[in-house]
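What follows is a single structure, written as structure tokens, with notes after it.
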Amino acid sequence: MRQPLVAGNWKMNGSRQSAIELLNGIKAGISEVTTAEVAVCPPSIFIPLAWRTLADTPIAWGGQDVSVHESGAYTGEIAGSMFADYDCKYVIVGHSERRTYHGESDTLVAEKFEAARKAGLIPIFCVGETLEEREQGITEQVVGRQVDAVISRGGVGLLAQGVVAYEPVWAIGTGRTASPEQAQDVHAFIRARIAAHDPEAAAEVRILYGGSMKPGNAAELLAKPDIDGGLIGGASLKAADFLAICTAANA
Ligand code: PEP
Numbered sequence: 011m012r013q014p015l016v017a018g019n020w021k022m023n024g025s026r027q028s029a030i031e032l033l034n035g036i037k038a039g040i041s042e043v044t045t046a047e048v049a050v051c052p053p054s055i056f057i058p059l060a061w062r063t064l065a066d067t068p069i070a071w072g073g074q075d076v077s078v079h080e081s082g083a084y085t086g087e088i089a090g091s092m093f094a095d096y097d098c099k100y101v102i103v104g105h106s107e108r109r110t111y112h113g114e115s116d117t118l119v120a121e122k123f124e125a126a127r128k129a130g131l132i133p134i135f136c137v138g139e140t141l142e143e144r145e146q147g148i149t150e151q152v153v154g155r156q157v158d159a160v161i162s163r164g165g166v167g168l169l170a171q172g173v174v175a176y177e178p179v180w181a182i183g184t185g186r187t188a189s190p191e192q193a194q195d196v197h198a199f200i201r202a203r204i205a206a207h208d209p210e211a212a213a214e215v216r217i218l219y220g221g222s223m224k225p226g227n228a229a230e231l232l233a234k235p236d237i238d239g240g241l242i243g244g245a246s247l248k249a250a251d252f253l254a255i256c257t258a259a260n261a
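The numbering of the sequence shown is my numbering, which starts it at 11 and goes up by one.
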């Protein structure tokens with residue numbers, strides 16, 4: 011039985027004050043969440059706030075990106091060990107915004123995945139096709155290539171140590187959600203791709219859906235057999251909305 015995971019990706023939003031309020035709001039409402047695991051990924055500068063606020067709660071926290079390097083002259087980068095030092099459990103790697111705006115390749119994302127594991131973090135590994143790629147009918151080709159990059163780097167054993175997040179690029183922040191059937195199809199494809207290497211690992215790995223998941227559509231997406239939770243952007247910025255999705259993941 012895969013424990014559902016609902017992870018909030020705050021992206022580059024908020025202020026010190028709003029971050030404190032959001033963390034406290036989630037903390038105050040979390041008691042109703044029983045079976046789903048919950049995590050928040052604030053901007054790195056707010057991670058010490060998460061560390062202080064969430065330490066005695068079941069809520070985990072993590073980063074939004076990680077350096078491939080362990081330390082040194084890499085201005086602006088944050089090492090996995092630094093996230094681990096603040097007790098981060100997770101780190102997002104390969105988010106489409108990193109791939110698109112920072113030119114992150116499949117190879118670099120796979121390196122980040124490995125760097126995260128070396129630091130003891132669990133990567134939330136994002137994959138997904140653009141609208142153009144979906145319309146060309148190459149969704150499986152693209153997602154398969156992205157998944158294979160991690161398997162090529164460290165074997166299926168490495169991939170199985172992370173969480174996969176299927177995030178169709180056309181659904182991220184657009185209000186346009188993949189239908190539960192569209193999402194389930196790609197999730198099943200990802201699981202089959204992993205199963206071709208290791209059926210047990212495939213059965214255990216959690217595959218989250220991300221892309222305009224909201225309280226109103228979460229339950230039907232989360233009801234699909236291969237959707238094991240959500241990576242939530244916009245709706246993770248309001249405690250009530252985020253908590254409603256967490257509650258939907260319990261069902
Ligand atoms: C995301 O940033 O990973 C995401 C899924 O965003 P949104 O929920 O806003 O579409």
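No residue lacks a Cβ here, since even glycine has one placed at the ideal position from N, Cα and C.
Heavy atom of ligand 1 within 7 Å of residue i beta-carbon
i	result
Ile-204	no
Ala-188	no
His-112	no
Ser-54	no
His-197	no
Glu-230	no
Met-105	Correcting the residue type first, residue 105 is His in the shown sequence and not Met. Result yes, Cβ under 7 Å from ligand 1.
Ile-182	yes
Glu-139	no
Ala-245	yes
Ile-242	yes
Met-22	no
Gly-73	no
Asn-227	no
Gly-172	no
Gly-220	yes
Glu-177	yes
Met-223	yes
Asn-19	yes
Reduced DSSP category for residue i - H, G, I as helix; E, B as strand; rest coil
i	result
Ile-204	helix
Cys-51	strand
Cys-256	helix
Leu-33	helix
Leu-241	strand
Ala-188	coil
Asn-290	Since the first residue shown for the chain is 11 and the last is 261, residue 290 is missing from the structure and cannot be characterised.
Gly-220	strand
Pro-235	coil
Ala-129	coil
Gly-165	helix
Gly-39	helix
Val-179	helix
Ala-17	strand
Val-174	strand
Val-215	coil
Reference residue i; option with closest CA among the options
i	options	result
Arg-216	Leu-253, Thr-187 and Leu-169	Leu-169
Glu-139	Thr-117, Pro-235, Ala-233 and Tyr-176	Tyr-176
Pro-52	Ala-259, His-105, Thr-63 and Ala-29	Ala-29
Val-78	Ala-129, Ile-55 and His-207	Ala-129
Ala-205	Glu-143, Trp-61, Gly-167 and Asp-66	Gly-167
Ile-148	Lys-37, Asp-238 and Phe-199	Phe-199
Tyr-219	Ile-57, Gly-35, Ala-181 and Ser-41	Ala-181
Ala-249	Val-119, Leu-33 and Gly-164	Leu-33
Cys-256	Ile-57, Gln-27 and Pro-68	Pro-68
Glu-142	Ala-213, Ala-70 and Pro-178	Pro-178
Gly-244	Arg-155, Gly-24 and Glu-230	Gly-24
Gly-154	Ile-242, Gln-194 and Ala-202	Ala-202
Ala-120	Lys-99, Val-76 and Thr-184	Val-76
Val-137	Gln-146, Val-160, Glu-145 and Leu-131	Val-160
Beta carbon proximity, residue i to chain B, threshold 8 Å
i	result
Ala-46	Among the chains in the structure shown there is no chain B, since it carries only a single protein chain.
Whole runs of the beta strand (DSSP E) within the stretch 47-103, excluding any shorter than 3 residues: 47-51, 70-73 and 100-103
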